[in-house]
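Participant: For the sequence shown, the numbering used here begins at 184 and goes up steadily by one.
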Amino acid sequence: MPYDHRKTTRRTPTPTPTSSHTPGSVLTRALALAGCCAVLAGCGASQAAPPGGKAQETRLESATQSLPPVASGGQPSRSPQAAPQSSRSPQPVSQGNRPLAGRTVVIDPGHNSGNFRHSREINQKVNIGTTRKECDTTGTSTDAGYTEASFTLDVSHRLRDLLTARGAKVVLTHDADRPWGPCIDERARIGNAARADAVVSVHADGSAVGHRGFHVILPARVRGGSADTAKIVGPSRDLGEDIVDRFARATGTSPANYLGSGTGLDVRDDLGGLNLSTVPKVFVECGNMRDPKDAQLLTSAAWRQKAAQGLADGIATYLKG
Ligand code: ZN
184 MPYDHRKTTR RTPTPTPTSS HTPGSVLTRA LALAGCCAVL AGCGASQAAP
234 PGGKAQETRL ESATQSLPPV ASGGQPSRSP QAAPQSSRSP QPVSQGNRPL
284 AGRTVVIDPG HNSGNFRHSR EINQKVNIGT TRKECDTTGT STDAGYTEAS
334 FTLDVSHRLR DLLTARGAKV VLTHDADRPW GPCIDERARI GNAARADAVV
384 SVHADGSAVG HRGFHVILPA RVRGGSADTA KIVGPSRDLG EDIVDRFARA
434 TGTSPANYLG SGTGLDVRDD LGGLNLSTVP KVFVECGNMR DPKDAQLLTS
484 AAWRQKAAQG LADGIATYLK G
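1) With Ser419 as the anchor, note down where its alpha helix (DSSP H) starts and where it stops.
2) Quick one: is Arg341 near chain C, going by C-beta distance under 7 Å?
3) Along the chain, where does the alpha helix (DSSP H) that runs through Asn458 open and close?
4) Less than 6 Å separating the Cβ of Gly396 from some heavy atom of ligand 1?
5) Check Ser324 in the structure and name its three-state DSSP category.
6) Any heavy atom of ligand 1 within a distance shorter than 6 Å of the CB on His357?
7) Arg505 and Ala491: beta carbons closer than 7 Å?
8) Check each candidate in Phe397, Val427, Val382, Gly350 and name the one with the smallest Cα separation from Thr464.
9) Helix, strand or coil for Gly497 per DSSP?
10) So is the beta-carbon of Glu331 under 6 Å away from any non-hydrogen atom of ligand 1?
11) Once you ignore the five residues that flank Ile400 on each side, which residues in its own chain have a CB closer than 6 Å to its CB?
12) Start and end of the alpha helix (DSSP H) containing Gly374?
13) Hey, would you say the C-beta of His340 is under 6 Å away from at least one heavy atom of ligand 2?
14) Taking the beta strand (DSSP E) that Thr287 belongs to, which residues open and close that run?
15) Quick check on this structure: which residue in Ala439, Gly285, Asn458, Lys352 has the alpha carbon closest to the alpha carbon of Ala371?
16) With 16 as the cutoff for other CB atoms within 10 Å, does Ser437 come out buried or exposed?
17) Between Pro418, Leu283, Ser419, which has its C-alpha nearest Leu345's C-alpha?
18) Kindly identify the DSSP beta-bridge partner or partners of Gly408.
19) Among Val289, Arg281, Gly279, which has the Cα closest to the Cα of Gly456?
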């Protein structure tokens, strides 16, 4: 399969004005997006509702130039925690049903439920290789106030359980064990330090009503400063394509109807979590929290289990491939 994303999947030049992850003018987007998410770690354009609350006014990028709140020496400020084993009934241990034994998967639950209370910290800018962006963002929410941060952590737990049952070593970038963050650069470093075979950053989008479906964001070829994605562009595309295929099968949902030309794939060069990764990594936008029909799915525990199944199947397909 071709790895030249420029030929196949770069989004159309005209940004979707209501997609919170659309690159382009932050000012234009923020003004157009009252109530939309600040979703991707690094998009940093707007602010969603706090837990249980209504969507707030969007905010613009902070001019803060403070140093990022991470440990010196390029290491995460805390050691990533290996996920505990699944609480579900484990399968008998044997190599046969532990096909991912010896493989390491890092799961990155997008945002943090505490980010709403730590604006100053998450607005601090960090180096994403090519420029500086906010440490983290709050993420979006459904109209009823179910936050993206709650969604991403729930799906990540389900995904962890499925992968550990298959024998993988799983590392979460956070597990509601810190008041905010991690910053996007630290999220990338956790994957790198784990020497992960695959990293998946779990998100849900905050686009316009009528924009439906899931998509996977792939790293663009980026070189500059401390970023060089040359070695991960190809394998990340393989990982992303496997996830699109298996996610669609597991959930019965379709690739996004508002970007990616129906492929379910997008390529971004403005996300620190991808730019700074040295291991295969993708972001997955599981659906659009701002669309009532998608929100109905995203708020269903049964659907979230299907989503986690699709992610696990896609990761397993990639790792065995
Ligand atoms: Zn997000």
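Where a beta carbon is used, it is the ideal one built from N, C-alpha and C, also for glycine.
Facilitator: Well, looking at it:
1) Bounds of the alpha helix (DSSP H) holding Ser419 are 413-434.
2) This model lacks chain C altogether; it includes just one protein chain.
3) 455-458 is the span of the alpha helix (DSSP H), which, as asked, contains Asn458.
4) Result no, Cβ not under 6 Å from ligand 1.
5) Secondary structure of Ser324 (DSSP, three-state): strand.
6) Result no, Cβ not under 6 Å from ligand 1.
7) Residue 505 falls outside the range modelled here, since the chain spans only 184 to 504, and no answer is possible.
8) Residue identity check: residue 464 is Lys in the sequence provided, not Thr. Of all alpha-carbon atoms in Phe397, Val427, Val382, Gly350, the one lying nearest the alpha-carbon of Lys464 is that of Val382.
9) DSSP places Gly497 in the helix class (H, G or I) of the three-state scheme.
10) Within the cutoff, so yes.
11) Shown here for Ile400: same chain residues with a beta carbon closer than 6 Å to its own, the five before and five after excluded, namely Asp449, Arg451, Phe466 in chain order.
12) Per DSSP, Gly374 belongs to the alpha helix (DSSP H) from 367-376.
13) What this structure holds is ligand 1, not ligand 2.
14) Bounds of the beta strand (DSSP E) holding Thr287 are 287-292.
15) Among Ala439, Gly285, Asn458, Lys352, the Cα nearest to that of Ala371 belongs to Asn458.
16) Exposed, by the Cβ-count rule.
17) Of the listed residues, the one whose Cα sits closest to Leu345 is Leu283.
18) Its beta-bridge partners do not exist; DSSP assigns none.
19) Comparing Cα-Cα distances from Gly456 to each of Val289, Arg281, Gly279, the minimum goes to Val289.
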